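Here the sequence shown is numbered in the numbering used here, starting from 17 and rising by one per residue. Beta carbons: idealized from backbone N, C-alpha and C, even for Gly. These numbers were taken from a predicted model, which means no experiment stands behind them.
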Amino acid sequence: MRLQNLPYHILAEIILFAGVNVTVILGNGSLSQNLNLAVSQVIKRKKVWTYKNMESKVDKILYWKWSDEVISDLKSVEEVQIFCDYCVGENIEVELKLCYELEYATDLVELEQLLHYLQPTAKLRLEISLATCRLNFLDLTQIRASFKHLRNHMKEFSITGAPMTEVKGEIDLNDFAETEVLRITRCRITGSLANCNKLREFSFEPIRGQANALDINDLPSTLKNLEINEYTFSDTAAKQRDNWPSLEHVSISLDEDPLPPAILDILQKMTCKETMSFDYSYEFGLTDSFVLALSQTTREKEFKLKLLSVYGFVEVPMDIYPSEQLQLRYIDSPHLVSYLKNIPYLKKLSITENYGLDVAEISKALPRGLEYLSLFDCEGSWDNADLNFARFPKLKHLNLARTGVSSISELAFPDSLEVLDLSGNGIDSIDSVVFPENLKCLNLSLNEIEDVQGVKFPQSLKRVNMSGNPVDPGSLMAKLESYRVEKMYLGGQTEVDLSNCKLPASVRCLSLIRCSLLNCDFGDNLVSLRLESCKLATGNSFGGSIRYLSIKFDQSPQLGIDLPQSLEELDLSHNAFTKVPLQVGNLPNLRYLNLKNNELTSAIIEFSYKSLEALDLSDNKIEHVQLSFPEGSTNLRQLDLCDNNLKSISLQMIGHDGDTTHNCLHELSVSGNLELAQDHIKSLIPQLPKSTKCLWADKSASERLRLKFFAVNYLIE
């Protein structure tokens, strides 16, 4: 009997149990009636379908992470389109959540095209992050225009501004009358919240020093979650009204005043019996005034918190007892131990950055039901402390980094533990440690561990950070050969020799610091490799799977290794290269190339393929640039030539001529070239392709000399 002949409800269960991607089924042509009904049922069962553009990108292992946090139902833009077309055709109402991290121009163009493509039928949740944006300029008006037809279906909108990107335009609050969740960070706004009558969650962090604060009186009564800082609201006093929001979750970040009037208004007028969590931060002084005000409010309104987070100095005794989660930072209270004894049912506890903590007494007062515990940067004496963490049978995450727990022979862990951080403690041996059988992530960086031969790691281990230890990486790799470790961070504070080493076959992401590499076998499964301050030589084998390679702080004048043909992103920034490596032009899959901050005096690059989308040549000493590409239209969208010594620039110099065109070019940046005349810059404007939205250059010669980094987009001036 063929599967598609089974009853549709059984087929639906099979699809769910097998974890089959429904877009794969939809992409295989017409469906039988049973299979069509089964797919429809599977789609309807899931409340929200998610696409994250980072799903298709490689982890660049910039820093230690215990979780990737990239869970995407749909794996590509094509799958999103197939999925949405099917739902429209079958009249299925779904919620689609798009999460975009705009790193390159490619991401921005892809997002705008996808939003234009979507039909106003499904409810849309849109998250945009510019945290890693490498664009010099971004036009919010273009993004707003791309979802204009979707405004009445926008259930959630979130945008995080970029610290290094000039952003034009504003987010108009009037666009979100139908929106339930609205989060805006470091972006200009216009309009009012007065018409946002369905808003349940609102978060706003304005750009510091810009006059775009909100009127606290415009907060809609429907609001349940509020996240703000002291610059969110104007000085307008709260008026009398009967329908203030009844908040369940409040998050407040302050710099100057620990209890400004607007915050007191929120405490007194907007908390209620349903208030469950309060997150408060004030890093520059005592928070006692807030703690006392919150304590009084909880008594008057008779609400009990599930979560309490206070980042700031507290001296007064605390009598607010959260039932599930407590976060304290900088707390300096002699009452802490007795306080903890009054909250025995906590699931998550974080006490961080307290240098006089009585660790011994704290360890004995910890609630037994903890699932998460962090004592990060709480240096104190561990003498007489209870090191038996096995007494917490539900504990999954334990952070003891920078706590001074150097002798760990007495440490005991529950088998439930999945994440363990012991970094920065001066630990010299882990031979006697019995690691829990379900441990997945282990951070032992910045210790004094020399040998791991006698260590028994658990078979469950997936991530290991041993960087900053004097351990021999070769012996560690040999030790981990029989394990299924996927991510490794290695390298010492002094140079270590990795010559003739073989990487465990399971490792997909590897970060190496201060290693000497000669004849290394990186295997066939490595996808991402980060090398910092490493000595490179020929003979290294990278296999055929590596997609991301970063080489930084190499003091050699030339690249000393052969580049793998599989590379999609190559970061050669912050080195001492005097010439562009010839190999970079012969990589058939290369999409992103970064040669920023080297010693280049010229950039003559012949690309044999048209795959390149972003090229960064900024912060060099380039006097002449000449790029060439194969005939036809290229994929180049972003070119950065800022802060060089260019005296002239033309489209021909960057490879745009009669036979080859950059018809996808989105941004061209030439600011910081002090001898580049404005005539050269302005002459580019009529020649630029229609796709170009930004020509980033210095505003005028006088301002260029006065302030090197003063630049504007010539296409909107």
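If you reduce the DSSP assignment to three classes, tell me which class residue i lands in.
i, result
"D656", "strand"
"E106", "coil"
"E548", "strand"
"R141", "strand"
"C525", "strand"
"H678", "coil"
"I159", "helix"
"E318", "coil"
"H672", "coil"
"V306", "A small correction: the amino acid at residue 306 is Phe; Val does not occupy that position in the sequence shown. Of the three classes helix, strand and coil, the one that applies to F306 here is helix, per DSSP."
"D188", "strand"
"K364", "strand"
"A147", "coil"
"S92", "coil"
"A619", "strand"
"A121", "helix"
"H413", "strand"
"N602", "helix"
"L230", "strand"
"R199", "strand"
"Q509", "strand"
"S354", "helix"
"Q642", "strand"
Just list the residues that DSSP pairs residue i with in beta bridges.
i, result
"N610", "D587 and D632"
"F294", "V266 and L324"
"S649", "T677"
"C710", "E683"
"N4", "Nothing can be reported for residue 4: it is not among the residues displayed for the chain, which extend from 17 to 733."
"S439", "For S439, which the question treats as bridged, DSSP gives no partner whatsoever."
"I336", "According to DSSP, I336 bridges with nothing at all."
"Q341", "L323 and K364"
"I9", "Examination of residue 9 is not possible in this model, given that the chain is present from 17 through 733 alone."
"L565", "L545 and L586"
Could you check if residue i is buried or exposed, using at least 16 other CB atoms within 10 Å of its CB as the buried criterion?
i, result
"M180", "exposed"
"V330", "buried"
"P580", "buried"
"I347", "buried"
"N591", "buried"
"L723", "With a pLDDT of only 47 at L723, under the threshold of 50, the placement of this residue in the model should not be trusted; the figure read from the coordinates follows. L723 is exposed by the Cβ-count criterion."
"V36", "exposed"
"A727", "buried"
"H132", "exposed"
"K81", "exposed"
"R720", "Any reading at R720 needs caution, since the residue's pLDDT is 48, under 50, leaving its predicted position unreliable; the model's value is listed next. Buried: at least 16 other Cβ atoms inside 10 Å."
"T157", "exposed"
"G440", "buried"
"K68", "buried"
"G818", "Past the edges of the chain, shown from 17 to 733, lies residue 818, and the structure says nothing about it."
"A253", "exposed"
"K171", "buried"
"N190", "exposed"
Would you call the CB atoms of residue i and residue j closer than 9 Å?
i, j, result
"S644", "T677", "no"
"F405", "L391", "no"
"N651", "S624", "no"
"L386", "I367", "no"
"L373", "Q343", "no"
"L403", "I378", "no"
"K357", "A381", "yes"
"L611", "D578", "no"
"L436", "L462", "no"
"L606", "E585", "yes"
"H265", "D234", "no"
"C525", "S83", "no"
"S483", "Y499", "no"
"R150", "G177", "no"
"L7", "S237", "Summary: the structure shown does not reach residue 7, with the chain confined to residues 17 through 733, and so no result is reported for it."
My understanding is that residue i touches residue j, with C-beta atoms under 8 Å, so please give their C-beta distance in whole angstroms.
i, j, result
"Q574", "F593", "6 Å"
"N679", "P705", "5 Å"
"C517", "G490", "4 Å"
"L542", "V523", "6 Å"
"A278", "I232", "6 Å"
"F163", "L142", "7 Å"
"Q654", "Y120", "6 Å"
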